[in-house]
Amino acid sequence: MRVSPLLIGLGCLAAASTAVSAQSLAPGESGNRVPPARFVSAVDNQGPTEADRLTLGMWVTAGNVTTYTIGNSWNDWVLWLVFDKLREPSPYVGKAEPWLATAIEQVSDDARVWEITLRDGVTWHDGTPFTAEDVAFTFEYYREGPANRWTHHASSVPRMVGIEVLDRLKLRLTSEKPMPNFDRITAADLPIIQKAQWEGVTEPRSFTDLGIGTGPYRLVAYEADRFYRFEANEDYWRGAPVVKHLDLVMIKDPQTMFTALKTGEIDGAARPVPPELVLQWQDDADLEMIGAPTLWGAWLDINVGRVPFDDRDVRRAVTLAVDPEPMLERIMLGQGKPGTHAWPHVDSFWTKPDLGAPHDPDLAAAILDDKGFVDTDGDGMRELPDGSPLTWDLKIASNQPLFLRAAEMVQAQLAEVGLRVVVETLDPASLSALWRTREFDLRIADITPHGIADQDMLIILYRGDARRELVEDTEKAEIVRRWLEAETRADRLAISYELQEYQTRYPNRVMLWYPESTFAYRWQAYDNYRPSAGYGIFHKYSFLPDAVRTGVVDPLLDD
Amino acid sequence: MVWLRSVAATAAVLVVALIVNFALPRLAPGDPLSMMLPEDVVADMTPEQEARVLAEFGLDQPVAVQFWAYARGVVSGDLGTSVTFGEPVWAVVLERLPWSLLLMGWALALSALLGTGLGLLAARHDGRVGDLATTLAVLFIGSAPVFWVAMLLITVFSAELGWLPSFGAAPLTAFPGSAAWYWGVAERLVLPVAALALAQTAGVWLTARSAMTIALHRDYVTYARAKGAGERRVFLVHAFRNACLPIYTNVMIGVGNLLGGALVVETVFSYPGLGSLILLGVEARDYPLLQGVFLVATLSVVAANLVADLTYPLLDPRARR
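Chains as they are written, first to last, in my numbering: chain A, 1 to 559; chain B, 1001 to 1321.
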């Protein structure tokens, strides 16, 4: 990978800048930084920087490559091959660069009204010009239409109440409540769709036409859950991609995926290499690996809608009893960071830098004693205050062996303070459904960068949790209310910090670890990948010319 | 009258199967919404928003209304729209069906030939070293989980030897219908067929060995030998003709087992057949898709049994009475 020495050098600079002083921060800047990518292989080869065709393996279906059939952070990169955003690369790094928009300006003091000026000369894949009508339509469609992963940007946080086209390349958006980070979050996350293609589509999840975007690749053929074929958009306004054809093939089984990579049937595997394989492949002559910040996390979810978890002190005791440090070592083989920082993600731009979730089993035991959870029958396990047995279930997905190990460790740690936990495995779909049905005491699950590295989503998640709480937490609700009314970036960040501190003290989720995701590819086929926070190395920026991506993809490394 | 009874029984089975096919996906915890949208999105949705998404696929209706729509659809040929693919279920199923037929057809034929051949061999060497060796080998492979056998084949023939591709059904870059495409399809078929056939062979082998061993000790075999028939004729004509009846039944019943095995094999090899479609449907709680695939699977198994019932009299004259 040709850029890796540069990456490492810049990475050192970025790491140093993490300790940037509070005085040098602009209002609304946390000072928190995504760490640099890490070159993992022993040898840094010099492979081709262009390719005619690449075949990449993917494991989560991208549906029909629309915003309605993609919604997972493991496959949204497929969407970005076709579609662009107003600013890029993502809402996770707090610093987005102009992309489809050349200017996004706040025009009201209360941060409710913003004006967007669009880039002239951009065309859709069908050759028609990209205009303000398309952007206005996108916001209207997402506000009024069925929900998808991105619609909250128009219908919830923020909720748009005014969408006006001012001229061919300019529009004005007005929201119900202030949106001081519109340019950093919404503009950097919302894909813009073509009005001509989507107007009149009433059942978007059944829309199966080839999506027309403004992005660097045209989708030319697909069979959902089997393959997707893309061709370079030679007229891409940002410069023609350096990889001319991309074939994405679905390989769900991890062993088959990595075997196919090893044998050369695919050129890259768009799923993280398991920790044990990372060690095995470090000296492989055909493969290179990069540890890239994907901003994912694994958390222990506590059901606030069940007794006794409606009592925030009980939740605090659970948190104090869980020690994430040994989990990182034993389960992730040290590849990542322990979840001692609570959530949001420890490396997120929006995270309070010095936040910490302590491990203190003695304090946990004391809290439980105070609450009346004591061992009355002498079996070493506590009973409920009314004397009835205490047994909590801890549910995990059957396809997550790492979570099984984590569950066993949580079980042992909670047993040390006298809490009895029974581990249950469910099929993945049943586990996902628990988010809505709430039929669990504890569960371990993945959480995406969208969920833990985006300030707006933090509020959305808190608000969603509040609906399920047995007793309204007025203190937390007041913080959320103040956040929604805050008119400046600085106020929002400060209130977000309050929320994070509160959540750390009285959590309903305990972070277990933040994985470092390592990705592998065959350097002889293509050796010009570029890491981007939240996406890893497989995304459109890896296939764009160096001249146009530097400073955009990894702006934090360039600071 | 034999065929009339068979057809009536088949119709009854179909009706029950339709009800079960509808009920099974809904009995599992969860619903399509949980899989359509990520958790962090579902978290903030109001009940009205949830209902609106489910309404896109008619899943907001009472179960009785959904069943009526499903039953009407089965009759009229409209199986609804797949939640995962956004396409009519028939279209999705028909896209995958040829690959499954290819895979399962070859696996069925191969397992029938291999199982029968090895069974005959074992019966011929009953109690001797050849019998023991075959028994051990077949039982070992037959007892091994099919995913393990599949992974073993990938490790040996793809990763180590590099002889065969490890995934997919057809080369993406070759023009469909070209010689390169057909060659690519054939290459990609070898390992999945081998895995599926190996899993299926043990059952056929057990039946073949047992049936032949019994047949070889029957009076009519002794009589044939006594009247001077050659050993080959005794073995193939007198014994095997009688032993092939249970073998035939076993092979036809195996169609259902094959589908179960295909679910695993297609997933491991990323083979785009009905098996992997079932897994996808289960993961996504895609009710319409599961109903459609189950219907096809049901029809296949019922058809196989019906064919077995109807053709059995051709093999066994006693069944005509």
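Quick reminder that beta carbons are idealized off the backbone N, C-alpha and C, glycines included.
Since the model is a prediction, treat every value here as computed from it, not as a measurement.
Give the residues of chain A in contact with Ser1300(B), contact being defined as C-beta atoms less than 8 Å apart.
Within the second sequence, numbered from 1, the residue matching residue 1300(B) stands at position 300. Listed along chain A is no residue with a C-beta nearer than 8 Å to that of Ser1300(B); the closest approach is about 21 Å.
On a Cα-Cα basis, can you pick out the residue from Ser1270(B), Ile1247(B), Val1221(B), Leu1113(B) that is closest to Phe1235(B)?
The residue you call residue 1235(B) lines up with position 235 of the second sequence. Comparing Cα positions, the closest option is Val1221(B).
Reference Leu1274(B); option with closest CA among Arg1072(B), Val1089(B), Pro1025(B)
The residue you call residue 1274(B) lines up with position 274 of the second sequence. Residue Val1089(B) holds the alpha-carbon nearest to the alpha-carbon of Leu1274(B) among Arg1072(B), Val1089(B), Pro1025(B).
Going by beta carbon distance, what residues of the same chain come within less than 6 Å of Gln335(A), once the five residues before and after it are set aside?
If you number the first sequence from 1, residue 335(A) lands on position 335. The answer, listed in chain order, is Pro275, Glu516.
Consult DSSP for Ala22(A) and reduce its assignment to one of helix, strand or coil.
Taking the first sequence and counting its residues from 1, one reaches residue 22(A) at position 22. Any reading at Ala22(A) must be qualified, since the residue scores a pLDDT of 43, below 50, and its modelled position is unreliable; the value itself is stated next. DSSP places Ala22(A) within a helical segment (H, G or I) once states are collapsed to three.
Per DSSP, Lys395(A) is paired with what?
In the first sequence, residue 395(A) corresponds to position 395, counting from 1. Beta-bridge partners of Lys395(A) (DSSP): Glu424(A), Arg443(A).
Give a yes or no on whether the minimum CB-CB distance between Gln282(A) and chain B is below 7 Å.
Counting from one through the first sequence, the residue named residue 282(A) turns up at place 282. At a cut-off of 7 Å between beta-carbon atoms, Gln282(A) makes no contact with chain B.
Contact list for His450(A) against chain B, beta-carbon separation under 8 Å:
Locating residue 450(A) in the first sequence gives position 450, where the first residue counts as 1. Listed by position along chain B, the residues whose Cβ is nearer than 8 Å to that of His450(A) are Pro1038, Asp1040.
Does DSSP put Ala1239(B) in a helix, a strand or coil?
The sequence position of residue 1239(B) within the second sequence is 239, counting from 1. Looking at Ala1239(B) - three-state DSSP - the assignment turns out to be helix.
If we ignore side chains and look at the alpha-carbon of each, how far apart do Pro415(A) and Val421(A) end up?
Reading the first sequence from its first residue, position 415 is the one you call residue 415(A). Reading the first sequence from its first residue, position 421 is the one you call residue 421(A). First, the amino acid is wrong: residue 415(A) is Ala here, not Pro. Answer to the nearest angstrom: the Cα atoms are 7 Å apart.
Counting C-beta neighbours from all protein chains within 10 Å, is the total for Gly162(A) 16 or more, i.e. buried, or is it exposed?
As a first step, residue 162(A) is located in the first sequence; it is residue number 162 there, counting from the start. By the C-beta density criterion, Gly162(A) is exposed, having fewer than 16 other C-beta atoms within 10 angstroms.
Identify the continuous alpha helix (DSSP H) that holds Glu1283(B) and give its terminal residues.
As a working mapping, residue 1283(B) is identified with position 283 in the second sequence. First-last of the alpha helix (DSSP H) with Glu1283(B): 1274–1284.
Are the C-beta of Phe1085(B) and some C-beta of chain A separated by less than 7 Å?
The residue you call residue 1085(B) lines up with position 85 of the second sequence. Put simply, the CB of Phe1085(B) is near chain A, with a gap under 7 Å to one of its CB atoms.
Look at Leu171(A) and Val135(A) and say whether their C-beta atoms are less than 7 Å apart.
Residue mapping note: residue 171(A) aligns to position 171 of the first sequence, counting from 1. Residue mapping note: residue 135(A) aligns to position 135 of the first sequence, counting from 1. Cβ atoms of Leu171(A) and Val135(A): closer than 7 Å.
Could you check whether Glu439(A) and Asp393(A) sit closer than 7 Å to each other, using their CB atoms as the reference points?
To locate residue 393(A), count along the first sequence from 1; it is residue 393. To locate residue 439(A), count along the first sequence from 1; it is residue 439. Asp393(A) places its beta carbon 7 Å or farther from that of Glu439(A).
Going along chain B, which residues have a C-beta under 8 Å from Gly211(A)?
Taking the first sequence and counting its residues from 1, one reaches residue 211(A) at position 211. Going along chain B, no residue has its Cβ under 8 Å from Gly211(A), so there is no contact; the nearest lies around 12 Å.
Check the Cβ-Cβ distances between Met1151(B) and every residue of chain A, and say whether any is below 7 Å.
Looking up residue 1151(B) in the second sequence gives position 151. Judged by the 7 Å Cβ criterion, Met1151(B) is in contact with chain A.
Name the one or two DSSP bridge partners that Asp167(A) has.
On the first sequence, residue 167(A) is found 167 positions in, with the first residue counted as 1. In DSSP, Asp167(A) forms a bridge with Lys170(A).
List the whole-angstrom C-beta distance separating Tyr236(A) from Val65(A), where the pair is believed to meet the contact cut-off of C-beta under 8 Å.
On the first sequence, position 236 is the one that residue 236(A) refers to. On the first sequence, position 65 is the one that residue 65(A) refers to. That belief does not hold up - the Cβ atoms of Tyr236(A) and Val65(A) are roughly 17 Å apart, past 8 Å.
Since Asn72(A) meets chain B, which of its residues come closer than 8 Å, beta carbon to beta carbon?
Within the first sequence, residue 72(A) is the residue found at index 72, counting from 1. Within 8 Å Cβ-Cβ: Pro1038.
Minimum Cβ-Cβ distance from His345(A) to chain B less than 7 Å
Locating residue 345(A) in the first sequence gives position 345, where the first residue counts as 1. For His345(A), the answer is no, since every Cβ of chain B falls outside 7 Å of its Cβ.
Are Gly1115(B) and Trp1183(B) close, meaning C-beta to C-beta below 7 Å?
What you label residue 1115(B) is simply residue 115 of the second sequence in a count that begins at 1. What you label residue 1183(B) is simply residue 183 of the second sequence in a count that begins at 1. Contact: no.
Of all the CB atoms in chain B, is at least one closer than 7 Å to the CB of Val548(A)?
Numbered from 1 along the first sequence, position 548 holds the residue referred to as residue 548(A). Taking Cβ atoms only, chain B never reaches closer than 7 Å to Val548(A), which makes this a no.
How is the alpha helix (DSSP H) around Ile302(A) delimited, first residue to last?
As a first step, residue 302(A) is located in the first sequence; it is residue number 302 there, counting from the start. Annotation: Ile302(A) is outside any alpha helix (DSSP H); the continuous beta strand (DSSP E) that includes it extends over 297–302.
Can you name the residues that DSSP bridges to Arg509(A)?
Counting from one through the first sequence, the residue named residue 509(A) turns up at place 509. DSSP output for Arg509(A) lists Asp301(A) as bridge partner(s).
Local conformation of Trp74(A) per DSSP, three classes:
Reading the first sequence from its first residue, position 74 is the one you call residue 74(A). Trp74(A) falls in the coil class under three-state DSSP.
If the cut is a Cβ gap below 8 Å, which residues of chain B does Trp80(A) touch?
In the first sequence, the residue the question calls residue 80(A) occupies position 80. The premise fails here: Trp80(A) is roughly 16 Å from chain B at the closest Cβ pair, so nothing lies under 8 Å.
7 Å Cβ cutoff, Leu1172(B) in contact with chain A
Working through the second sequence from its first residue, we reach residue 1172(B) at position 172. Chain A, which has a Cβ nearer than 7 Å to the Cβ of Leu1172(B), makes this yes.
Thinking C-beta only, is Met289(A) closer than 7 Å to Ser41(A)?
Here residue 41(A) refers to the residue found at position 41 of the first sequence. Here residue 289(A) refers to the residue found at position 289 of the first sequence. Yes, they are a contact pair.
List the residues of chain B whose Cβ lies closer than 7 Å to the Cβ of Pro146(A), in chain order.
Locating residue 146(A) in the first sequence gives position 146, where the first residue counts as 1. Correct list: Arg1052, Val1053, Glu1056.
Using DSSP with H/G/I as helix, E/B as strand and the rest coil, what is Asp558(A)?
Here residue 558(A) refers to the residue found at position 558 of the first sequence. Confidence in Asp558(A) is poor, its pLDDT being 35 and thus under 50, which makes the residue's placement unreliable; the coordinate value appears in the next sentence. Helix at Asp558(A).
Determine, using beta carbons only, whether Gln23(A) comes closer than 7 Å to chain B.
In the first sequence, counting from the first residue as 1, residue 23(A) sits at position 23. Here the model assigns Gln23(A) a pLDDT of 47, short of 50, so the residue's position is not dependable and the matter cannot be decided.
Run through DSSP, which three-state label would Gly57(A) get?
In the first sequence, residue 57(A) corresponds to position 57, counting from 1. Reduced to three states, the DSSP call for Gly57(A) is strand.
May I have the straight-line CA-CA distance separating Phe230(A) from Glu1283(B), to the nearest angstrom?
Position 230 of the first sequence, counted from the start, is the residue given in the question as residue 230(A). Position 283 of the second sequence, counted from the start, is the residue given in the question as residue 1283(B). Phe230(A) and Glu1283(B) have their C-alpha atoms spaced approximately 27 Å apart.
Do three or more CB pairs link the stretch 1293–1312 of chain B to the stretch 1243–1262 of chain B at distances below 8 Å?
Cβ pair count under 8 Å is three or more, so yes.
Rounding to the nearest angstrom, what Cα-Cα distance links Leu100(A) and Val122(A) in this structure?
Against the first sequence, residue 100(A) aligns to sequence position 100. Against the first sequence, residue 122(A) aligns to sequence position 122. Rounded to whole angstroms, Leu100(A) to Val122(A) spans 8 Å at the Cα level.
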